[in-house]
Structure formats: C-alpha cells, structure tokens
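The UniProt record's numbering numbers the first residue of the sequence shown as 1 and each following residue consecutively.
Note that beta-carbon positions come from the ideal geometry of N, C-alpha and C, so glycine has one too.
These notes are about the structure you will find just below.
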Amino acid sequence: MKALLLKLSAIDSETEAALRVIAYFDALAIRSATAEMVVRGAAAIAEATAGLQFADGSVVRFDVRGAPVPGRPAGSPALEEVAGGVRVWIEREGPQRPFDRLVLERFALVAKGAAPERSPRKRTALADPAVVELVLSAREPMAERRVALRRLGFSPDHPVIMIAVASDESVPFDHGRIEQLVHAAAARSTATGARWGSLGAIVVQPSPGADAAVELAALRSVIARSGEERSTSFRCGMSAPVDALDAAEGWTSARDALRFARRRSGGASIVSAAELGAVAALASVSADVWARDWRVSALRELSGSESGLIDLEVLEAYLSHGSLRMAGQALHMHHSSVASRLARLEERLNLNFTVQVDLFQARLCMYAAALLDTE
Numbered sequence: 001m002k003a004l005l006l007k008l009s010a011i012d013s014e015t016e017a018a019l020r021v022i023a024y025f026d027a028l029a030i031r032s033a034t035a036e037m038v039v040r041g042a043a044a045i046a047e048a049t050a051g052l053q054f055a056d057g058s059v060v061r062f063d064v065r066g067a068p069v070p071g072r073p074a075g076s077p078a079l080e081e082v083a084g085g086v087r088v089w090i091e092r093e094g095p096q097r098p099f100d101r102l103v104l105e106r107f108a109l110v111a112k113g114a115a116p117e118r119s120p121r122k123r124t125a126l127a128d129p130a131v132v133e134l135v136l137s138a139r140e141p142m143a144e145r146r147v148a149l150r151r152l153g154f155s156p157d158h159p160v161i162m163i164a165v166a167s168d169e170s171v172p173f174d175h176g177r178i179e180q181l182v183h184a185a186a187a188r189s190t191a192t193g194a195r196w197g198s199l200g201a202i203v204v205q206p207s208p209g210a211d212a213a214v215e216l217a218a219l220r221s222v223i224a225r226s227g228e229e230r231s232t233s234f235r236c237g238m239s240a241p242v243d244a245l246d247a248a249e250g251w252t253s254a255r256d257a258l259r260f261a262r263r264r265s266g267g268a269s270i271v272s273a274a275e276l277g278a279v280a281a282l283a284s285v286s287a288d289v290w291a292r293d294w295r296v297s298a299l300r301e302l303s304g305s306e307s308g309l310i311d312l313e314v315l316e317a318y319l320s321h322g323s324l325r326m327a328g329q330a331l332h333m334h335h336s337s338v339a340s341r342l343a344r345l346e347e348r349l350n351l352n353f354t355v356q357v358d359l360f361q362a363r364l365c366m367y368a369a370a371l372l373d374t375e
C-alpha cells in the first residue's frame, strides 16, 4: 500500500483529474446519497443531462443545471451502463469526452446502492420531556415510574430499548429530527421520545415475546435508513433490552454507547452497547491518557475535514470486514479507492494494516479518538 502511495505522488494532471472524479463519487457513496443526489451530481460533473432507471422502470433525470427532467430520453443514449439492476446514462451530444467512461462507471457503481427519495411521512408526536425524564430516573418511586410508562403507552411488564441521540451539528436537535427517528422506530414497535438541548432520548418497546437480537438488528436498520434521508449526520447509542422499570439502567448504557459513536461525513453512526461488551470499559480511562497518544491526535485531526472523515470511514469498514473488497462493498467504493486511502493512513499512523498488532492499535486509537471527541 505504501508503494502505491509513492506511485500516486508522481501522477500527471490527467490521472489527478481521474482521481478527483473517483473521489467525488466516493463521497456520494459515503454520504449514502439518494438516487436524485447521485444523478444530479453525475450531470454536474459530466456537464450533460444524466439519467437513472430502476428495475421497476421508474426514471430519474437531471440536466447540467441540476433541474429535474421529466420523462425518458428520446432514443437510446450512446453512453449507458447497467449495474445491479439499474441502468444509468449520460445524454452527451457530440463526441465523447476523455472521462465520460470513468464518470459512467463510477455513476453506475454508486447508483446501484442508492434509493429514491421518499415522500414526506406523517410525523410522530414527541412525549412530554418531564414524563420521559421520570421514566429514565432511578431515584423516583417505582409506582410513579409505572404510571409514567403507562402514560407514554408502554407496558411496565415488558422490556424496552433505550436510544441516546446526539447531533453532529453546532445547533441543538429540533423536534422534527427526533420525531423522524421515533417515526422510523415506530414502524414495528411502540416508540416515543424527547429531547433536551442537543441530546435526545428514544424509548422503544418491541412486541411481547419478540427475539431481542432480531429486534435490535431491525431497530438499527430502520435508524440507519432514516439517516440516509438526511444530509446531516447524527450519532446514536443503543442499549440492550432492559426491564421497563429499569429504563434508567438502559439510558446509562445507551449514553455510554453513544460516546463510542464516531462522527461521520453523513447519515447515522450507531453503536450498540451489546456489541461493545468489555470494550465499554475503555470509557473509564482518563482522557489525559488518550490525549497523550500521537496516533489518537492524528485521527482526531483527520475528522476535521471531509476527506479525512471518509478516510476514517474507510478504516472503520476495513477493521470491521477484514478485506479491501468487503470494505469497498460496504461503502459502495471500488477496492482500489479503499487501498489508496488505507495506504495514506498507514503512512500517517506508521502502521502496517497486514499485521494483527497494528490492526489492534488502529482499532484502539479509533475508540480513543471517539471517546475524546465526546468528552
């Protein structure tokens, strides 16, 4: 990977332009861009009308100015490609340009993982924050917590899952954002929520007898899909199912998990307390210890730029999946893009990602950087 990085340092301007095209579409994939965003971006970078057709026959088209174009193109475009059940094209008049084929290839790669924008849905009203706070309090009498649970529509006799939500923006959460997440969770469970400043709390109660592991996975999935609908990013910490009358314990667990949720370039960063296991003990390590590690500082510096955030997401995917191809598939990126970004990180961190102890170092530093950012 280091050798690849050295080769890339000597590229000519034409290759540099090609890499910019690749980076542009990689950024769209990382943000989980909708089909409309991908087509609009392809039209802008190709300087020509671009289109996408889904397997069901529905079509999305945008012109070079970013305006939607109704209907289908007249005839069959000369520049088109099919990937993963979708067809993409560029409606170029006249001769092809040097990077048309590259744009088309990257366009198709990202488009096959994109979903169309969804119509606005009815919002789910939030609960009275004082009532939610009563449910989350371990100091209040059990009888009062039981009444509060019933007021929120929950059974005191069945487990709940707590979710702590924080925004990555400088402004506090508004009600609409938490409502969107509650609405997503309520698709299969009883759910409500409240927010205090930049911190939101969501209480979810699966159906009685539901499998805990299945419900956690489903809840994570619906929150992730909800994150794909937003251009801004947010972080979530999820507790394991706890007795409804012990919601305070679940709330503490969810907030601890939230500290491990790293800021992303877009969408939702979700960490489950059940997945952390013993790793959660790292939260008790003094921040001064982590701050003295130069690799941790380097990772925190990367999170200050868009490109750096993408590098961190690539590293996270590689650590999770263990191979270039699987990491690329998870991020909808070509494995060569994953390799080049990892090569830069190896150089910056003085690590070799083919050595197990270095992979452990990288993972530990990623945890530490996330903990410092939420200190």
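Residue i classed as buried or exposed, judged by whether at least 16 other C-beta atoms fall within 10 angstroms
i	result
residue 34	buried
residue 113	buried
residue 121	Any reading at residue 121 must be qualified, since the residue scores a pLDDT of 39, below 50, and its modelled position is unreliable; the value itself is stated next. Residue 121 is exposed by the Cβ-count criterion.
residue 60	buried
residue 16	exposed
residue 311	buried
residue 142	exposed
residue 29	buried
residue 42	buried
residue 269	buried
residue 347	exposed
residue 305	exposed
residue 237	buried
residue 74	exposed
residue 328	buried
residue 341	buried
residue 353	buried
Cross-strand partners of residue i (DSSP beta bridge)
i	result
residue 237	164 and 271
residue 62	50 and 68
residue 283	According to DSSP, which records beta bridges pairwise, residue 283 is partnered with nothing at all.
residue 203	162 and 192
residue 372	According to DSSP, which records beta bridges pairwise, residue 372 is partnered with nothing at all.
residue 242	160
residue 81	88
Contacts around residue i, its chain only, beta-carbon distance under 7 Å, and the 5 residues preceding and following it disregarded
i	result
residue 18	99 and 102
residue 243	159
residue 48	64, 90, 91 and 92
residue 151	131
residue 222	184, 185 and 187
Helix, strand or coil at residue i [DSSP, three-state]
i	result
residue 179	helix
residue 118	Low per-residue confidence applies at residue 118: pLDDT is 45, beneath 50, and the placement is therefore not dependable enough to give any value.
residue 129	helix
residue 87	strand
residue 355	coil
residue 305	coil
residue 37	helix
residue 326	helix
residue 138	coil
residue 321	helix
residue 378	Any answer about residue 378 is impossible in this case: the structure gives the chain only from 1 up to 375.
residue 76	coil
residue 212	helix
residue 219	helix
residue 293	coil
residue 315	helix
residue 187	coil
residue 376	The question about residue 376 has no answer, for the chain in this structure spans 1 to 375.
residue 333	coil
residue 231	With a pLDDT of 48 at residue 231, under the threshold of 50, the modelled position of this residue cannot be trusted, and the question is left open.
Same chain only: Cβ atoms within 8 Å of residue i, ignoring 5 sequence neighbours per side
i	result
residue 301	308
residue 251	136, 162, 164, 201 and 239
residue 218	188
residue 81	87, 88, 89, 104, 105, 107 and 108
residue 205	154, 155, 158, 159, 160, 161, 189, 190, 191 and 244
residue 220	238, 270 and 272
residue 123	Confidence in residue 123 is poor, its pLDDT being 40 and thus under 50, which makes the residue's placement too unreliable to answer from.
Whether residue i touches residue j by CB criterion (9 Å)
i	j	result
residue 109	residue 54	no
residue 166	residue 126	no
residue 39	residue 52	yes
residue 373	residue 262	yes
residue 280	residue 287	no
residue 371	residue 345	no
residue 241	residue 278	no
residue 320	residue 330	yes
residue 193	residue 215	no
residue 388	residue 177	An answer regarding residue 388 cannot be provided, because it is not within the stretch 1 to 375 covered by the chain.
residue 145	residue 254	no
residue 258	residue 364	no
residue 367	residue 260	yes
residue 44	residue 66	yes
Same chain, Cβ closer than 6 Å to residue i, five either side skipped, listed in chain order
i	result
residue 369	296, 299 and 300
residue 139	none
residue 271	237, 257, 260 and 261
residue 111	38, 52, 86 and 88
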